[in-house]
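Before any comments, here is the structure.
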Amino acid sequence: MRVLLFLLLAADDLPEGAERETFVKMCSNCHAVARITKVKFSKRFWTTVVDDMVSKGAEGTEEETEAVISYLARHFGKPVNVNTSTAKQLQEGLSFAAADAEKIVKYREANGPLKSWEDFAKIPGLNPKVLDEQKKNVLF
Ligand code: HEC
């Protein structure tokens, strides 16, 4: 009961999202979630961290592990400026595929800096899943 209460309290301070429960379930057994949520990493780095935690004993199915990585990338991602970053930095920092990162750079070169989220809609074919997940991590 005490443990359950702790989990509920811990979850209360966390950003909402479908994966929140999975995150709390998978990541709060050994240390406080606050230890996790005070840092900001790219999705690529979160993937490494979560893999490391799984090797230390964190338990989850492959699906749950993916969900946790996605939750962390969405809410505790490292902001990246889409106008000053190279294509490689867009790939590493925001998880864009190489082709999508190139499209963003080309758009910038032709039209000047992206000014707001809506400008992404003017670049055809960007992966909507990545865009949605990285929404909080994009700086203009
Ligand atoms: C089985 C126990 C266990 C679980 C479950 C667990 N961790 Fe950890 N975690 C550890 C240990 C042990 C350390 C300390 C590692 C060290 O000091 O080198 C740690 C440290 C960390 C750190 C800090 C690393 C640092 O350098 O300060 C982060 C971030 C982290 N864990 C994230 C997570 C995430 C995300 C999850 C859920 C996927 C998770 N942990 C689940 C055992 C666990």
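Read in order, the letters of the sequence shown are residues 0 to 139 in numbering that gives the first Met the number 0. Note that the Cβ used here is the ideal one computed from N, Cα and C, for glycine as well. Because the structure is a prediction, the values reported are computed rather than measured.
For residue j and residue i, the rounded distance between their alpha carbons
| i | j | result |
| --- | --- | --- |
| Val65 | Thr21 | A quick correction: the sequence has Glu, not Val, at residue 65. When rounded, the distance between both Cα atoms is 10 Å. |
| Tyr70 | Ser54 | 20 Å |
| Ala17 | Lys37 | 20 Å |
| Pro14 | Glu117 | 24 Å |
| Leu113 | Asn82 | 7 Å |
| Asp131 | Leu138 | 14 Å |
| Val140 | Lys134 | The chain is shown from 0 up to 139; residue 140 falls before or after that span and cannot be answered. |
| Glu61 | His74 | 20 Å |
| Met52 | Ala120 | 36 Å |
| Ile122 | Gln90 | 16 Å |
Exposure label - residue i; buried when at least 16 CB within 10 Å
| i | result |
| --- | --- |
| Trp140 | Outside the shown range of the chain (0 to 139) lies residue 140, about which nothing can therefore be said. |
| Lys42 | buried |
| Arg34 | exposed |
| Met0 | Note that Met0 scores a pLDDT of 46, beneath 50, so its modelled location is shaky and nothing firm can be said. |
| Thr47 | exposed |
| His30 | exposed |
| Asp12 | exposed |
Residues bridged to residue i [DSSP beta-bridge criterion]
| i | result |
| --- | --- |
| Val32 | Looking at the DSSP assignment, Val32 forms no beta bridge with any residue, so it has no partner. |
| Phe40 | Gly76 |
| Val67 | Answer by DSSP bridge pairing: none, since Val67 is not bridged. |
| Leu138 | Asn80 |
Under 8 Å between C-beta atoms of residue i and residue j
| i | j | result |
| --- | --- | --- |
| Gly92 | Lys39 | no |
| Val79 | Asn28 | no |
| Cys26 | Ala57 | yes |
| Val67 | Phe95 | no |
Quiz item: For the region 99-115 against the region 72-86, are there 3 or more C-beta pairs whose distance is under 8 Å?
Solution: These segments touch.
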